[in-house]
Amino acid sequence: MVQSAPSLSADEKRRRMIIGTMRRNGYAPDALIETLHTVQNVLGYLDDPSLRFVAHELHIPLSKVYGVATFYHAFTLKPEGHHRCVMCLGTACYVKGSQAILQAVTRAYHITPGETTEDGELSLLTARCLGSCSLAPAAILDEDIVGNLTPDRALTALEGLVKS
Amino acid sequence: MIHMLQSLTPDDLPRIAETENTTSSAFEHTIHVCMAAGCLSQHSDTVKQRLEHEIEERGFTHCRVKGVGCMGLCSAGPLVSIHSKETLYRSVTPHDAPAIIESLDGEPVHRITCPTNLPFFTKQIKIVLANSGEIDPERLEDYIAVGGYQQLANVLSDLTPGQVIDQVSRSGLRGRGGAGYPTGLKWSTVAKAYGQRKFVICNADEGDPGAFMDRSVLESDPHRVLEGMAIAAYAVGANEGYIYIRAEYPLAIKRLHNAIRQAERAKLLGDGILGTSFSLNLHIRLGAGAFVCGEETALIASIEGKRGQPRPRPPFPAESGLWEAPTLINNVETYANIVPIIERGAEWFASIGTERSKGTKVFALAGKIVNTGLIEVPMGTPLRTIIYEIGEGIPNGGRFKAVQTGGPSGGCIPADYLETPVDYESLTSMGSIMGSGGMIVMDEYSCMVDVARYFMEFCMSESCGKCLPCRVGTVEMYGLLSRIVQGRASIGDMEILLELCETVKATSLCGLGQSAPNPVFSTFRYFKDEYLSHITDHVCPAGQCQFEDVPQEVLS
């Protein structure tokens, strides 16, 4: 079954990646979550036009697309900052004091989990468990897992990150 | 060097294994470097590169470096082992590489040597993890060299689906995802169910915080899981399958994709497996961060691209699951147990473990314990052995307070019960559950009321919102627990909390809500004094809770 290529607007390259995922899945409605993963990978978040585009292409009501996008924690409808800090809140990290670290970061940068600093430099996120329990308390700074954190070590690492 | 195996027949498997083993025995020393997520995050990849570089520089041809899966002792990473000499090196840095290479023909580098006669290694029995740390998870040939896919070949040529199910039933294997449902019974239900098409699903949505067994198995030995799934599919009559894996595990996803591609090319998966008429097409579906998707009907909804909300059972997925077709759902570790059962027989498997819990269980040890990492012990091993011998107890001479098993659906087991053998029934009788296998050790500085609150916060934000008892109940229970840890609660609040726990447990739709009160029940059962001293004396015995400065509640 050959699908005609949908009309492309700006950011063609990104859009093509999104289309690629849908095409690989035969434009089946059950490819919605896979497609949203791709959108988030290429855009960093799920923006309105993309949600509409995906809904249209997969023949799913926009309300359902929005429902799925907001149901799952992995998806975000807001753009992220230049840097990201994902604090692990898993049990092992909790037992070893992740709450104190989170509070220290929250105080220092005036952001709560899910928020981005006003200058758009840093987004603070939380994870249920990174599966790196032997490094607890752990966090992901941009792409790297850093472990055995204390509030001070976390703040020093973040300072370095934001400056870079 | 890289060539992909193509269109294999059953006769090819022993031949490839022999070639592989001849090739590797040509090397006097094979240096294994752990390339699983734990060690990788401590830069074991640069250690590997440096070792390769040092070998090349010296022009050595009698040794080689191999990236392998998890060796278990994650707290001592990056781990490097030299097989021929039974030497294990811990916390290896790239700077250690020259010394390691130089020492190959002499004394090991004592500075970084980790003794291999520790109880951590000797008390374990490795069935599921047999290949972890031994084979290169990115090479199909490595898996075939240790007998991989041979059991699938044997099953397809010698056994009927009924005989396979019989083997699994007689082994006594029970689901490793938490509830412990007999695997053979589940398989025979799906096999008997009527349907034009059937599905097999591998639940790799390891959502319990503090559990990383499935991730490690998939990162270390992905083909073992695929072979188990193929045998299961043959037994129940399915030709299509899904692996539902958390998006938070990028390395495991990458290795799974790679393994499926290799197996498809070699005709170990796909259409016409090993020259027979049996077909199995496997797909990977990524989770998107919803704990409730570990529940089987929610997982099915998520694979269908919908919100991951459970539905009432019956009908059970075995009769009407994915797209209303009969569906077999098993956990990663369950599938990983299939190959050894077929290979060594149901009786052998049933001889390990206890009366009602057979085989071994993989646990992720974490928290306030010296040796954190991944262990595999026979069912029935006492908690004390796991925590004090294998785990080597609490760091800095701390005092053991409780061990948490089963994640947010489980409970905390206090010191008085350390002699308890770990199996499904005894954990349940203590108010906890086996769960998927996370074990978090807590010392005297952990406040048990706050632990209960922590898990309730988890269940509250992970509640899918479909049924009222869970959606509203978890919020109310969290509010009450918060009042207790803040010293603002009365004895009446405690009574309301316990009553509410009973209601939510009895009336919720799925396992998430039904078991959400478990952490409260178990901490109240064993640590009632702590609850009371928060309420009446405004004192936290663990010194964790701040009563004046009300902690800012974490939003998420």
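Protein chains in written order, with the working numbering: chain F, 1 to 164; chain A, 1 to 556. All residues carry an ideal CB built from backbone N, CA and C; glycine is no exception. The structure presented is a predicted model; accordingly, all values stated were derived computationally and were not measured.
**Prompt:** Using Cβ-Cβ distances below 9 Å, what residues of the segment 286-319 of chain A are close to chain F?
**Reply:** Only L286, G287, A288, G289, A290, F291, C293, S302, I303, E304, G305, K306, R307, G308, Q309 from the segment 286-319 of chain A bring a Cβ to less than 9 Å from some Cβ of chain F.
**Asked** Given that A:M442 touches chain F, what residues does it touch there, using C-beta distances under 7 Å?
**Response** For the purposes of this step, residue 442 of chain A is taken as the residue at position 442 of the second sequence. Under the 7 Å cutoff, chain F gives V95.
**Request:** With 7 Å as the C-beta to C-beta threshold (strictly closer), list the residues of the segment 59-87 of chain F near chain A in chain order.
**Result:** G67, V68, F71, Y72, H73, A74, F75
**Request:** Using only the heavy atoms of the ligand MN, determine whether one of them is closer than 6 Å to the beta carbon of A:E107.
**Result:** For the ligand MN, the structure offers nothing, since it holds no ligand at all.
**Request:** Would you mind listing the beta strand (DSSP E) stretches within the segment 69-138 of chain F that are 3+ residues and don't spill past its ends, in chain order?
**Result:** Note on the segment 69-138 of chain F: whole beta strand (DSSP E) runs with a minimum of 3 residues are 83-88, 122-127, in chain order.
**Message:** At 4 residues or longer, what runs of the alpha helix (DSSP H) sit wholly inside the segment 434-481 of chain A?
**Reply:** 448-462
**Asked** Listing by chain order, which chain A residues have their CB less than 7 Å from the CB of F:L32?
**Response** Residue numbering aside, residue 32 of chain F sits at position 32 when the first sequence is read from its first letter. In chain order: G305.
**Message:** With a threshold of 7 Å on Cβ separation, who are the neighbours of A:V136 within its own chain once the five nearest residues in sequence on each side are excluded?
**Reply:** Position 136 of the second sequence, counted from the first residue, corresponds to residue 136 of chain A. Per the sequence shown, the amino acid found at residue 136 of chain A is Asp instead of Val. So the list reads K66, G67, V68, D142, once near-sequence residues are dropped.
**Asked** Beta-carbon separation of A:V422 and A:I369 under 7 Å?
**Response** Position 422 of the second sequence, counting from 1, holds the residue named residue 422 of chain A. Position 369 of the second sequence, counting from 1, holds the residue named residue 369 of chain A. No.
**Range of the contiguous alpha helix (DSSP H) that encloses A:L256** = Against the second sequence, residue 256 of chain A aligns to sequence position 256. First-last of the alpha helix (DSSP H) with A:L256: 250-265.
**Asked** Between which two residues does the beta strand (DSSP E) carrying A:L118 extend?
**Response** Numbered from 1 along the second sequence, position 118 holds the residue referred to as residue 118 of chain A. No beta strand (DSSP E) contains A:L118, which DSSP labels as neither H nor E.
**Message:** Give me, in chain order, the residues of the same chain whose beta-carbon lies closer than 8 Å to that of A:L299; leave out the 5 immediate sequence neighbours on both sides.
**Reply:** Stepping through the second sequence from its first residue, residue 299 of chain A is reached at position 299. The answer, listed in chain order, is I201, N203, D205, Y244, C293, G308, I329.
**Item:** A:F400: contacting residues in chain F (beta-carbon distance under 9 Å)
**Value:** As a first step, residue 400 of chain A must be located in the second sequence, where it is residue number 400. Correct list: empty, because the minimum Cβ distance to chain F is about 13 Å.
**Per DSSP, cross-strand counterpart(s) of A:H95** = In the second sequence, counting from the first residue as 1, residue 95 of chain A sits at position 95. A:H95 is not bridged by DSSP to any residue.
**Request:** Could you check what DSSP says for A:E553 in three-state terms: helix, strand or coil?
**Result:** Position 553 of the second sequence, counted from the start, is the residue given in the question as residue 553 of chain A. Confidence in A:E553 is poor, its pLDDT being 47 and thus under 50, which makes the residue's placement too unreliable to answer from.
**Request:** List the endpoints of the continuous alpha helix (DSSP H) containing A:I300.
**Result:** For this step, residue 300 of chain A is matched to residue 300 along the second sequence. Where A:I300 is concerned, the enclosing alpha helix (DSSP H) stretches over 296-303.
**Prompt:** Rounded to a whole number of angstroms, what is the C-alpha to C-alpha distance between A:P94 and A:L51?
**Reply:** Here residue 94 of chain A refers to the residue found at position 94 of the second sequence. Here residue 51 of chain A refers to the residue found at position 51 of the second sequence. Roughly 8 Å separates the two Cα atoms.
**Message:** I need the DSSP call for A:M1, collapsed to helix, strand or coil.
**Reply:** Here residue 1 of chain A is taken as the residue at index 1 of the second sequence, counted from 1. In this predicted model, A:M1 has a pLDDT of only 39, less than 50, meaning its place in the structure is not dependable; the value taken from the coordinates is given anyway. Residue state, collapsed to three classes: coil.
**Request:** Check the Cβ-Cβ distances between A:G367 and every residue of chain F, and say whether any is below 7 Å.
**Result:** Here residue 367 of chain A corresponds to residue number 367 of the second sequence, with the count starting at 1. Chain F, which has a Cβ nearer than 7 Å to the Cβ of A:G367, makes this yes.
**Helix, strand or coil at A:Q404 according to DSSP, with G and I counted as helix** = Locating residue 404 of chain A in the second sequence gives position 404, counting from the first residue. Strand, per DSSP.
**Asked** Can you tell me whether DSSP reads F:T21 as helix, strand or coil?
**Response** For this step, residue 21 of chain F is matched to residue 21 along the first sequence. In the structure shown, F:T21 sits in a helix (DSSP, three-state: H, G or I).
**Counted within 10 angstroms of its Cβ, other Cβ atoms place A:I303 as buried (16 or more) or exposed** = Numbered from 1 along the second sequence, position 303 holds the residue referred to as residue 303 of chain A. Classification of A:I303: buried, given that the 10 Å Cβ count is 16 or more.
**Asked** Excluding sequence positions up to five away, which residues of its chain have a Cβ less than 7 Å from the Cβ of F:I33?
**Response** What you label residue 33 of chain F is simply residue 33 of the first sequence in a count that begins at 1. Residues of the same chain with a CB within less than 7 Å of the CB of F:I33, apart from the 5 flanking positions on each side, are V68 in chain order.
**Asked** With burial defined as no fewer than 16 other Cβ atoms inside 10 Å of the residue's Cβ, what is the status of A:W187: buried or exposed?
**Response** Stepping through the second sequence from its first residue, residue 187 of chain A is reached at position 187. With 16 or more Cβ atoms within 10 Å of its Cβ, A:W187 is classed as buried.
**Message:** Strictly under 7 Å for the Cβ-Cβ distance: is F:R16 near chain A by that measure?
**Reply:** On the first sequence, residue 16 of chain F is found 16 positions in, with the first residue counted as 1. Not one chain A Cβ lies under 7 Å of F:R16.
**Message:** Residues in the same chain with beta-carbon distance under 6 Å from A:G207, minus the five sequence neighbours each way, listed in chain order, please.
**Reply:** As a working note, residue 207 of chain A is residue 207 in the second sequence. Correct list, in chain order: F291, G294.
**DSSP-derived helix/strand/coil call for A:C202** = For the purposes of this step, residue 202 of chain A is taken as residue 202 along the second sequence, with counting starting at 1. Residue state, collapsed to three classes: strand.
**Message:** Please list the terminal residues of the continuous beta strand (DSSP E) segment that includes A:R64.
**Reply:** Translated into positions along the second sequence, residue 64 of chain A becomes position 64. Element bounds for A:R64: 63-68.
**Asked** Going by the beta-carbon positions, is the gap between A:R261 and A:P222 smaller than 7 Å?
**Response** Position 261 of the second sequence, counting from 1, holds the residue named residue 261 of chain A. Position 222 of the second sequence, counting from 1, holds the residue named residue 222 of chain A. Contact flag unset, no.
**Prompt:** What residue range is occupied by the uninterrupted beta strand (DSSP E) comprising A:F316?
**Reply:** Stepping through the second sequence from its first residue, residue 316 of chain A is reached at position 316. Segment: none, A:F316 is in no beta strand (DSSP E) and carries neither H nor E.
**Item:** Buried versus exposed, by CB contacts within 10 Å (16 or more), A:M494
**Value:** Translated into positions along the second sequence, residue 494 of chain A becomes position 494. Buried, since its Cβ has 16 or more Cβ neighbours within 10 Å.
**Request:** Could you tell me whether the segment 420-439 of chain A touches the segment 68-81 of chain F, using the rule of 3 or more Cβ pairs below 8 Å?
**Result:** no
**Asked** From the beta carbon of F:S98, is the nearest beta carbon of chain A less than 7 Å away?
**Response** As a working mapping, residue 98 of chain F is identified with position 98 in the first sequence. Any Cβ of chain A closer than 7 Å to the Cβ of F:S98 would place that residue at the interface, and such an atom is absent.
**Request:** Specify, as a first and last residue, the run of the beta strand (DSSP E) that A:Y244 falls within.
**Result:** As a working mapping, residue 244 of chain A is identified with position 244 in the second sequence. Its beta strand (DSSP E) spans residues 240-245.
**Request:** Can you say whether A:R15 is buried or exposed, counting buried as having 16 or more other CB atoms within 10 angstroms of its CB?
**Result:** For the purposes of this step, residue 15 of chain A is taken as residue 15 along the second sequence, with counting starting at 1. Exposed: under 16 other Cβ atoms inside 10 Å.
**Asked** Taking 7 Å as the CB-CB cut-off, is F:P137 touching chain A?
**Response** If you number the first sequence from 1, residue 137 of chain F lands on position 137. Output row for F:P137: interface = no.
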